[in-house]
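Enquirer:
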Amino acid sequence: MNTLTRMLLGRLGGLLLTLLLASIVIYSAVLLTGDPIAALAGGAKPTPELIAEIRAEYHLDDPVWQRYWEWLTGAIQGDFGRSFVYKTAVTTLVAPRFAITLQLVLLTVVLILVFGVGSGILAATRGRAVDRAVATATSLGMALPTFVVAILLIWIFAKSLGWFPVYGEGDGVWDRLWHLVLPAISLAVLFIAYISRVTRSALVAQLHSEHVDTAKVRGIPRRRVFGAHVFRNASPQILAIAGTTIAGLFAASAIAEVAFGLGGIGSLLVQAAARADLPVVQIVSLLLVTIFVVLNAAADLVSALIDPTSVEGGALA
Amino acid sequence: MNAPVLEIEGLDVFAAGADGPRQLVFGSTLSVGRGEAVGLVGESGSGKTLTVRAVAGLLPDGFTTSGTIRIDGRDLGAMSGRELRDVRARRLGMVFQTPRAHLNPLRTIGDFMTEALVHVADVKPDAAAKRAMDLLDEVGITDPARRMLQHPAELSGGLLQRVMIAATLAMDPDLLLADEITTALDVTTQEEVMAVIADLRAHRELSLLFITHDLALAGAVCDRVNVMQHGRIVETLRAATMRQDARGDYTRVLMSASLDEAPPIEADAPASHPIMTLANLRKAYQVRGANGRRETLVAVDDVSMELAPGGSLGIVGESGSGKSTTARLLLGLERADGGTITVDGEDWSVPARRGAERRRRAKIAQMVFQDPYQSLDRRQTVRQCLVEAVRVHRPRDAKVAVEARVAELMSQVRLDTSLLDSRPRALSGGQRQRVAIARALAADPVLLVLDEAVSALDVTTQVEILTLLDSIRRETGVALLMITHDLTVIRRLCDQVVVMRQGRIEERGTAAQILDDPSAEYTRLLLDSIPREGWTPRRRRLGRTQSLPTATRSSAMVPDA
Numbered sequence: 005m006n007t008l009t010r011m012l013l014g015r016l017g018g019l020l021l022t023l024l025l026a027s028i029v030i031y032s033a034v035l036l037t038g039d040p041i042a043a044l045a046g047g048a049k050p051t052p053e054l055i056a057e058i059r060a061e062y063h064l065d066d067p068v069w070q071r072y073w074e075w076l077t078g079a080i081q082g083d084f085g086r087s088f089v090y091k092t093a094v095t096t097l098v099a100p101r102f103a104i105t106l107q108l109v110l111l112t113v114v115l116i117l118v119f120g121v122g123s124g125i126l127a128a129t130r131g132r133a134v135d136r137a138v139a140t141a142t143s144l145g146m147a148l149p150t151f152v153v154a155i156l157l158i159w160i161f162a163k164s165l166g167w168f169p170v171y172g173e174g175d176g177v178w179d180r181l182w183h184l185v186l187p188a189i190s191l192a193v194l195f196i197a198y199i200s201r202v203t204r205s206a207l208v209a210q211l212h213s214e215h216v217d218t219a220k221v222r223g224i225p226r227r228r229v230f231g232a233h234v235f236r237n238a239s240p241q242i243l244a245i246a247g248t249t250i251a252g253l254f255a256a257s258a259i260a261e262v263a264f265g266l267g268g269i270g271s272l273l274v275q276a277a278a279r280a281d282l283p284v285v286q287i288v289s290l291l292l293v294t295i296f297v298v299l300n301a302a303a304d305l306v307s308a309l310i311d312p313t314s315v316e317g318g319a320l321a
Numbered sequence: 014m015n016a017p018v019l020e021i022e023g024l025d026v027f028a029a030g031a032d033g034p035r036q037l038v039f040g041s042t043l044s045v046g047r048g049e050a051v052g053l054v055g056e057s058g059s060g061k062t063l064t065v066r067a068v069a070g071l072l073p074d075g076f077t078t079s080g081t082i083r084i085d086g087r088d089l090g091a092m093s094g095r096e097l098r099d100v101r102a103r104r105l106g107m108v109f110q111t112p113r114a115h116l117n118p119l120r121t122i123g124d125f126m127t128e129a130l131v132h133v134a135d136v137k138p139d140a141a142a143k144r145a146m147d148l149l150d151e152v153g154i155t156d157p158a159r160r161m162l163q164h165p166a167e168l169s170g171g172l173l174q175r176v177m178i179a180a181t182l183a184m185d186p187d188l189l190l191a192d193e194i195t196t197a198l199d200v201t202t203q204e205e206v207m208a209v210i211a212d213l214r215a216h217r218e219l220s221l222l223f224i225t226h227d228l229a230l231a232g233a234v235c236d237r238v239n240v241m242q243h244g245r246i247v248e249t250l251r252a253a254t255m256r257q258d259a260r261g262d263y264t265r266v267l268m269s270a271s272l273d274e275a276p277p278i279e280a281d282a283p284a285s286h287p288i289m290t291l292a293n294l295r296k297a298y299q300v301r302g303a304n305g306r307r308e309t310l311v312a313v314d315d316v317s318m319e320l321a322p323g324g325s326l327g328i329v330g331e332s333g334s335g336k337s338t339t340a341r342l343l344l345g346l347e348r349a350d351g352g353t354i355t356v357d358g359e360d361w362s363v364p365a366r367r368g369a370e371r372r373r374r375a376k377i378a379q380m381v382f383q384d385p386y387q388s389l390d391r392r393q394t395v396r397q398c399l400v401e402a403v404r405v406h407r408p409r410d411a412k413v414a415v416e417a418r419v420a421e422l423m424s425q426v427r428l429d430t431s432l433l434d435s436r437p438r439a440l441s442g443g444q445r446q447r448v449a450i451a452r453a454l455a456a457d458p459v460l461l462v463l464d465e466a467v468s469a470l471d472v473t474t475q476v477e478i479l480t481l482l483d484s485i486r487r488e489t490g491v492a493l494l495m496i497t498h499d500l501t502v503i504r505r506l507c508d509q510v511v512v513m514r515q516g517r518i519e520e521r522g523t524a525a526q527i528l529d530d531p532s533a534e535y536t537r538l539l540l541d542s543i544p545r546e547g548w549t550p551r552r553r554r555l556g557r558t559q560s561l562p563t564a565t566r567s568s569a570m571v572p573d574a
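Protein chains in written order, with the numbering used here: chain E, 5 to 321; chain C, 14 to 574.
1) Please list, in chain order, all residues of the same chain as ARG214 (chain C) whose beta carbon is under 7 Å from its beta carbon, the five residues on each side excluded.
2) With a cut-off of 8 Å, does the C-beta of ASP4 (chain C) fall near any C-beta of chain E?
3) Could you tell me if ASP258 (chain C) is buried or exposed, where buried requires 16 or more neighbouring beta carbons within 10 angstroms of its beta carbon?
4) What separation, rounded to the nearest whole angstrom, lies between the Cα atoms of GLN107 (chain E) and LEU266 (chain E)?
5) Please confirm if HIS183 (chain E) has its CB atom under 8 Å from at least one CB of chain C.
6) According to DSSP, what are the bridge partners of SER220 (chain C)?
7) Taking Cβ-Cβ distances shorter than 9 Å, what residues in chain C pair up with ASP217 (chain E)?
8) Please identify, using Cβ separations under 9 Å, the residues of the segment 204-230 of chain E that lie next to chain C, in order along the chain.
9) On a CA-only basis, which of C:ALA166, C:MET318, C:LYS296, C:LEU250 is nearest VAL311 (chain C)? Give me that one, please.
10) Does ASP390 (chain C) come out as helix, strand or coil in the three-state DSSP assignment?
11) Apply the 10 Å Cβ neighbour rule to HIS286 (chain C) and answer buried if 16 or more other Cβ atoms are within range, or exposed otherwise.
12) Could you tell me how far apart the beta carbons of LEU481 (chain C) and VAL426 (chain C) are, in whole angstroms, since I believe they sit closer than 8 Å?
13) How many whole angstroms separate the CB atoms of SER441 (chain C) and MET241 (chain C), which I take to be in contact at a CB cut-off of 8 Å?
14) Thinking C-alpha only, which one of E:ALA302, E:ALA141, E:VAL288 is nearest PRO100 (chain E)?
15) Hey, is ASP135 (chain E)'s beta-carbon within less than 8 Å of any beta-carbon in chain C?
16) I need the boundaries of the beta strand (DSSP E) containing SER484 (chain C), first residue and last residue.
17) According to the Cβ coordinates, are VAL575 (chain C) and LEU343 (chain C) closer than 8 Å?
18) Does chain E have any CB closer than 8 Å to the CB of ARG98 (chain C)?
19) Please list the segments of the alpha helix (DSSP H) lying wholly inside the segment 403-453 of chain C, counting only runs of 4 or more residues, in order along the chain.
20) Is the separation between the beta-carbon of ASN300 (chain E) and that of ALA251 (chain E) shorter than 8 Å?
21) Looking at the unbroken beta strand (DSSP E) that takes in PHE39 (chain C), where does it start and where does it end?
22) With distances taken between CB atoms, is the gap from ILE122 (chain C) to GLN163 (chain C) smaller than 8 Å?
23) Check whether chain E comes within 8 Å of GLN299 (chain C), counting only Cβ atoms and requiring the distance to be less than that.
24) Looking at ILE116 (chain E) and ILE199 (chain E), is the spacing between their C-beta atoms short of 8 Å?
25) Drop a sphere of 10 angstroms on the beta-carbon of ALA569 (chain C), count the other beta-carbons inside from all chains shown, and report buried for 16 or more, exposed for fewer.
26) Going by other Cβ atoms of all chains shown within 10 Å of its Cβ, with 16 needed for buried, is ALA574 (chain C) buried or exposed?
27) Suppose you measure from the CA of ARG71 (chain E) to the CA of LEU292 (chain E); what does that come to, to the nearest Å?
28) Can you tell me whether LEU463 (chain C) is helix, strand or coil according to DSSP?
29) Taking Cβ-Cβ distances shorter than 7 Å, what residues in chain C pair up with ASP304 (chain E)?
30) Three or more C-beta pairs under 8 Å: does that hold for the segment 102-121 of chain C against the segment 190-210 of chain C?
31) Does the count of Cβ pairs from the segment 172-192 of chain C and the segment 139-150 of chain C closer than 8 Å reach three?
32) Check each residue of the segment 279-311 of chain E: if its Cβ is closer than 8 Å to any Cβ of chain C, include it; give the result in chain order.
33) For chain E, is any of its Cβ atoms less than 8 Å away from the one on GLU128 (chain C)?
34) Closest to VAL400 (chain C) by CA distance: which of C:TYR535, C:GLN383, C:LEU422, C:ASP384 is it?
35) Taking the beta strand (DSSP E) that ARG237 (chain C) belongs to, which residues open and close that run?
36) In terms of residues, what are the limits of the alpha helix (DSSP H) holding THR195 (chain C)?
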């Protein structure tokens, strides 16, 4: 068994364990929020009969571990229970909203990679003036929280200029894209600045490394030196940070979703938490944890493919 | 004389500074004839590396030059960027000091070997691969097909340096620029690499510009030697007669520092109770072998030695010999799997656990490290550093007493008290190492462990520090344990010597016995590998080819077998 397979299997085991622990934490955190009766009864003061009925329907009188077990086995089979508020199956509630969040995140990722990595490359390679300009821009970008950017964008591009819609997610491919542009920008600004900085410093470290001197003195064309030695060696570092950032976007998107009135899982989570809609809170939280863990593992895997020596023990000969 | 391959005329090199350019090289002039080997010798900061980097086009950003550099009679200053790159790619080959840092760690040896052929000379990849294997074979690398698929981390330093040399040969250069190419290697590996270079020069019409701090090595492998100091070439000598011809004071200083034939230090009558006794020490690590399997590496195997109070013992060995592990076991930085350590009558076999116990042991034994650039805190002044070291052991002393002790330490290491408020950055390498020694002496130890304490210093500074250590030993009666790979260091400092190889003791005896009349073949090999007048490097054996295994952090204890 080679190191890569061993790493993969180890990663998979760790992933499952993380998810199991996360499910326990999420389930117990939700229990701590108190008796769900009020939320289930829908505001009116419940009669004792109604309470008994609800307790029976939601198995509230079973021991905790048994309820957890049923919730978990149900979840594995795709049954996450029903929303306390909407009374529909949680999965049908979450699926379309997840699609919107996914689209928003994908668009944001494109923006982050193009502008973040792009400006990082420019800063590292195009002389001091460009480096300074990018440094100033990224300082500004890091200082602007997502909701501030969102308000500015709405005010300038939606209200004053009227180029983009203020609210909603639109229908059809182009309309949807048009609706998602401003939210994606507001979400991306901070991370573009961050990835730009990371890219620049990773590249500068490689540009000054001795093996790049070797390539230069051998007359290797500049493009090739940059691609095969500088960028390639810097990429595991950039990728590791980008992986964590992108994974975190699914949670961070809540701010943009709320600001732009997008019906994604972020805004769903915010609403569900406000209304104590526990099954929804549980599934969305678990989904966010899963995405975070899986994407991080994927980033590590790609890093390992680029840099075989990064795998623990791989450098030992 | 035949047409020179390289001519440097009146080369000045300037660094960009806050207040205008600062000149670092002054009117460097030298030439390398076809097939000739020319040495450029000097200590760190002499400008030798800047001179050769100006030729290779590798000066750092912001550096400027004036003067003329001609390769094959063509002026580099008159060429376009493209022509320059082409001339450098095809006419020059450059080999650097640290092959491990100068090879891309993520790419295979094969990628590295073929890159210039494929991307500069437009050779087809399979033809390039075939040529690469021939070249690896030419520099004496066995099993080239397998090597092509390996990564740099899998090869030893000596083998990587051969790979570097082979790769520069791919373009059939006229001139090899070799910048301290053997400085990072063991002395036997140095001989191997120099033998490879000598072979290549014999079989190809290859010229060599050889940059080194080691005058003896330059004299042994070059036809002519340029001596450089403070950015100027102070003397150019014919290698064969340089001892007789040398006129410059500096050249003579360098010569006496490197071509040392002073008699070894005589051992005093052995005292009855040794200050330090190691008995049957053993230490093994779990490592991951080349094939990914776990293996047990016995780093120290049944090692015993004694050191008399006020004596000086040298442990000599190459990388992987176990000499540093032995020192780490002694100081409790690692725990021995077996054997006993006795220092000053106490049992030190088990590392100290509690802070108080560690401090008590630190009063008895102190250590000086190889690199004073890294072992001193760069934010502390010399005074702060020494006061801190004194305070550790005398927390309740009056300020005046501490000040007096600091002044005493400064005079012990022959440093002027005017340097007390300098930070390490303002000090030379030798001054820094003196501060490090003073810091170690602050505790008034009975044993000073010196881990390659002069290896990072220039030769003239080495001699100063070794002389200083010897007089400190005579004045204070502190016993010295010197860990080194360099037998010439032993000659100036130690009365007893232990030669280690692969975790075991090969030979032990007085310095006079070991240096002048060794009985073990390995010791003779080490002595023969030291460059000296009339020395010809020879290929002796295939040395270690794999990189040293790195012990995994969680290395489990191996039960004593």
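For each residue, glycine too, the CB sits at the ideal point set by N, CA and C.
Expert: From the atom records:
1) Start at 1 with the first residue of the second sequence, and residue 214 (chain C) comes out as number 201. Within the same chain, ARG214 (chain C) has close Cβ partners ALA50, LEU221.
2) Outside the displayed span of chain C (14 to 574) sits residue 4 (chain C), for which this structure offers no information.
3) Counting from one through the second sequence, the residue named residue 258 (chain C) turns up at place 245. ASP258 (chain C) comes out exposed.
4) Residue numbering aside, residue 107 (chain E) sits at position 103 when the first sequence is read from its first letter. Residue numbering aside, residue 266 (chain E) sits at position 262 when the first sequence is read from its first letter. Taking the straight line joining both Cα atoms gives about 11 Å.
5) For the purposes of this step, residue 183 (chain E) is taken as residue 179 along the first sequence, with counting starting at 1. HIS183 (chain E) has a beta carbon lying at 8 Å or more from every beta carbon in chain C.
6) Taking the second sequence and counting its residues from 1, one reaches residue 220 (chain C) at position 207. The partner list for SER220 (chain C) (beta bridge, DSSP) reads C:LEU188.
7) Counting from 1 along the first sequence, the entry for residue 217 (chain E) is found at position 213. One finds ARG66, ALA69, LEU71, MET107, PHE109, HIS115 in chain C with Cβ atoms closer than 9 Å to the Cβ of ASP217 (chain E), taken in chain order.
8) Contact residues of the segment 204-230 of chain E toward chain C are HIS212, SER213, GLU214, HIS215, VAL216, ASP217, THR218, ALA219, LYS220, VAL221, ARG222, GLY223, ILE224, PRO225, ARG226, ARG228 (C-beta to C-beta distance below 9 Å).
9) Start at 1 with the first residue of the second sequence, and residue 311 (chain C) comes out as number 298. Among C:ALA166, C:MET318, C:LYS296, C:LEU250, the Cα nearest to that of VAL311 (chain C) belongs to C:LYS296.
10) Residue numbering aside, residue 390 (chain C) sits at position 377 when the second sequence is read from its first letter. Residue state, collapsed to three classes: coil.
11) Stepping through the second sequence from its first residue, residue 286 (chain C) is reached at position 273. Result: exposed.
12) Position 468 of the second sequence, counting from 1, holds the residue named residue 481 (chain C). Position 413 of the second sequence, counting from 1, holds the residue named residue 426 (chain C). About 6 Å separates the beta carbons of LEU481 (chain C) and VAL426 (chain C), which is inside the 8 Å limit, making them a contact pair.
13) Sequence index remark: in the second sequence, residue 441 (chain C) carries index 428 (1-based). Sequence index remark: in the second sequence, residue 241 (chain C) carries index 228 (1-based). Actually they are not in contact, since the Cβ atoms of SER441 (chain C) and MET241 (chain C) sit about 17 Å apart, beyond 8 Å.
14) Numbered from its first residue, the first sequence carries residue 100 (chain E) at position 96. Checking every option, the nearest Cα to that of PRO100 (chain E) belongs to E:VAL288.
15) Taking the first sequence and counting its residues from 1, one reaches residue 135 (chain E) at position 131. No, no contact with chain C.
16) Reading the second sequence from its first residue, position 471 is the one you call residue 484 (chain C). Unbroken run through SER484 (chain C) is the alpha helix (DSSP H), 472-489; no beta strand (DSSP E).
17) Absent from the structure is residue 575 (chain C), since the part of chain C shown begins at 14 and ends at 574.
18) Within the second sequence, the letter at position 85 stands for residue 98 (chain C). Among the CB atoms of chain E, one or more fall inside 8 Å of the CB of ARG98 (chain C).
19) Entirely contained in the segment 403-453 of chain C, the alpha helix (DSSP H) runs reaching 4 residues are, in chain order, 412-425.
20) Along the first sequence, one-based indexing puts residue 300 (chain E) at 296. Along the first sequence, one-based indexing puts residue 251 (chain E) at 247. Yes, the Cβ-Cβ distance between ASN300 (chain E) and ALA251 (chain E) is below 8 Å.
21) Working through the second sequence from its first residue, we reach residue 39 (chain C) at position 26. Where PHE39 (chain C) is concerned, the enclosing beta strand (DSSP E) starts and stops at 35-46.
22) The residue you call residue 122 (chain C) lines up with position 109 of the second sequence. The residue you call residue 163 (chain C) lines up with position 150 of the second sequence. The answer is yes: Cβ separation under 8 Å.
23) By 1-based counting over the second sequence, the position of residue 299 (chain C) is 286. Not closer than 8 Å to any Cβ of chain E, the Cβ of GLN299 (chain C) fails to qualify, so no.
24) In the first sequence, the residue the question calls residue 199 (chain E) occupies position 195. In the first sequence, the residue the question calls residue 116 (chain E) occupies position 112. The answer is yes: Cβ separation under 8 Å.
25) The residue given as residue 569 (chain C) occupies position 556 in the second sequence. Confidence in ALA569 (chain C) is poor, its pLDDT being 35 and thus under 50, which makes the residue's placement too unreliable to answer from.
26) Counting from one through the second sequence, the residue named residue 574 (chain C) turns up at place 561. The predicted position of ALA574 (chain C) is uncertain, since its pLDDT is 30 and thus under 50; a value taken from the coordinates is nonetheless stated next. ALA574 (chain C) comes out exposed.
27) On the first sequence, position 67 is the one that residue 71 (chain E) refers to. On the first sequence, position 288 is the one that residue 292 (chain E) refers to. One C-alpha to the other measures close to 22 Å.
28) Numbered from its first residue, the second sequence carries residue 463 (chain C) at position 450. Reduced to three states, the DSSP call for LEU463 (chain C) is strand.
29) Mapped onto the first sequence, residue 304 (chain E) falls at position 300. Result: empty, since nearest Cβ-Cβ is about 16 Å, beyond 7 Å.
30) The segment 102-121 of chain C, when compared against the segment 190-210 of chain C, does touch it at the 8 Å Cβ threshold.
31) With a cut-off of 8 Å, the segment 139-150 of chain C and the segment 172-192 of chain C count as touching, because enough Cβ pairs lie within range.
32) With the criterion set as a beta carbon lying under 8 Å from some beta carbon of chain C, the members of the segment 279-311 of chain E are ILE310, ASP311, in sequence order.
33) Taking the first residue of the second sequence as 1, we reach residue 128 (chain C) at position 115. Answer yes: the Cβ-Cβ gap between GLU128 (chain C) and chain E drops below 8 Å somewhere.
34) Residue mapping note: residue 400 (chain C) aligns to position 387 of the second sequence, counting from 1. Taking the Cα of VAL400 (chain C) as reference, the smallest distance to any Cα among C:TYR535, C:GLN383, C:LEU422, C:ASP384 is reached at C:LEU422.
35) Your numbering for residue 237 (chain C) matches position 224 in the second sequence. Element bounds for ARG237 (chain C): 237-242.
36) The sequence position of residue 195 (chain C) within the second sequence is 182, counting from 1. DSSP places THR195 (chain C) outside any alpha helix (DSSP H), giving it a letter other than H or E.
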